[in-house]
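Novice:
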Amino acid sequence: MSIELISAVADVAAEIVTVVPQAIPDPEPQAPAGLSDGMARILGAAKWIGLVIVALGLIGQIAGWAWASRRGDGQEHVQGLAWSMGAAMGIGAAISVVGWIAG
Numbered sequence: 001m002s003i004e005l006i007s008a009v010a011d012v013a014a015e016i017v018t019v020v021p022q023a024i025p026d027p028e029p030q031a032p033a034g035l036s037d038g039m040a041r042i043l044g045a046a047k048w049i050g051l052v053i054v055a056l057g058l059i060g061q062i063a064g065w066a067w068a069s070r071r072g073d074g075q076e077h078v079q080g081l082a083w084s085m086g087a088a089m090g091i092g093a094a095i096s097v098v099g100w101i102a103g
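Going by this note's numbering, the sequence shown opens with residue 1, and the numbers climb by one from there.
#1: Can you tell me whether S84 is buried or exposed, with buried defined as 16 or more other CB within 10 angstroms of its CB?
#2: Sorted by chain position, which residues of the same chain lie with C-beta nearer than 7 Å to H77's C-beta, five sequence neighbours on each side aside?
#3: At the level of alpha carbons, what is the spacing between Q79 and A46?
#4: In angstroms with no decimal places, state the Cα-to-Cα distance between A14 and I6.
#5: Exposed or buried, V52, counting other C-beta atoms within 10 Å across all chains shown (16 or more means buried)?
#6: So, at 7 Å on beta carbons, what are the nonlocal neighbours of G140 in its own chain, with the 5 sequence-adjacent residues on each side left out?
#7: Just to confirm, does I95 get its C-beta within under 8 Å of one of the non-hydrogen atoms of the ligand FAD?
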């Protein structure tokens, strides 16, 4: 290959790399007409249901921990309690993270 050909290919590649990304549109995300309120309602309901399930799980873990501690046991319930608390934090943060990413 000659130097001129390599130089020409490099020039074309540089032009493609600088021009093509400028031609790609980057619109703001927006919900289709009529779906914005419904989607917010669905996400809010999913978050509420998830938090209710986690709250019931926490109550169950604490009750199991209390029951097992009477027998001198209960270490596995501490781990379950930690997992339930992590789930509550994850559910609480999920909607906020999606909103932040979506802009």
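Beta carbons: idealized from backbone N, C-alpha and C, even for Gly.
None of these values were measured; they are calculated from a predicted model.
Specialist: On the basis of the supplied data:
#1: By the Cβ-count criterion, S84 is buried, with 16 or more other Cβ atoms from all chains shown falling within 10 Å of its own Cβ.
#2: Q61, G64, W65, A68
#3: Whole-angstrom Cα-Cα distance: 25 Å.
#4: 12 Å
#5: Residue burial annotation: V52 is exposed, with fewer than 16 other C-beta atoms found within 10 angstroms of its C-beta.
#6: Within the shown structure, residues of the chain are numbered from 1 to 103, placing residue 140 beyond reach of any answer.
#7: Annotation note on the ligand FAD: not contained in the displayed structure, which lists no ligands.
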